[in-house]
Amino acid sequence: MDPIDELAAELRQSVGRLVRAARREADALPAAHTATLGLLLREGPLTIAELARLRGVKHQGQSRTVGELAARGHVERAVSDADRRVSVIRLSDAGRAVLQQEMDARADWLAGAIRAETDDEERALLARLPELFERLARRAD
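Put into structure tokens, the structure is as follows:
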């Protein structure tokens, strides 16, 4: 295997493990709730069909998730500005606050892991990664 291909596979696996560990250790909400709230934060109001497509889940499952989030006051149903016949789901202030708590908890967990597991040299290397990951991610745009 080409060294770059090996590096890509190792990065994908290790970044995935890190993300899963942060979620497992820090998230209070179910993963489906966090994913839905995150999409609404990034994309703005969406229909249930759009949410389901973006999450890669069935409409029925996404509809259930939206119902659970609405019952908690984390999302609101509204009429679409583009088509008054269409209902869209938007993030409520309470949903925005709970999502921020989730993101803060993940960041706190990761900061603790960095403090416990790395030395100064490794921290300097880690400090360069966000910009590099952003550059790599822009290839998808």
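The opening position of the sequence shown corresponds to residue 4 in the working numbering, with each subsequent residue numbered one higher. From the three backbone atoms N, C-alpha and C, an ideal C-beta is built for every residue, glycine too.
1. According to DSSP, S90 sits in a beta bridge with which residue or residues?
2. At what residue ranges does the region 19 to 104 contain a whole run of the beta strand (DSSP E), taking only runs of 3 or more?
3. Counting only the same chain and skipping the five closest in sequence on each side, list residues whose C-beta sits under 7 Å from that of G41.
4. Got a sec, what are the start and stop residues for the alpha helix (DSSP H) A127 sits in?
5. Rounded to whole angstroms, how far is the Cβ of A25 from the Cβ of R142, which I believe are closer than 8 Å?
6. Return helix, strand or coil for M106, following the three-state DSSP convention.
7. My guess is that T39 and L72 are in contact by the Cβ rule of under 8 Å, so how many angstroms apart are they, rounded?
8. Can you give the beta carbon distance from L135 to I117, rounded, assuming they're within the 8 Å contact cut?
9. Let me confirm a value: L21 is counted as buried when at least 16 other C-beta atoms fall within 10 Å, else exposed. Which label applies?
10. According to the neighbour-count rule (16 or more other Cβ atoms, all chains shown, within 10 Å of its Cβ), is H62 buried or exposed?
In short, the structure shows the following:
1. V82
2. 78 to 82, 90 to 94
3. L102
4. 123 to 140
5. So it is not a contact: roughly 24 Å between Cβ atoms.
6. helix
7. 6 Å
8. Their Cβ separation, rounded to whole angstroms, is 17 Å, which puts L135 and I117 out of contact at 8 Å.
9. exposed
10. exposed
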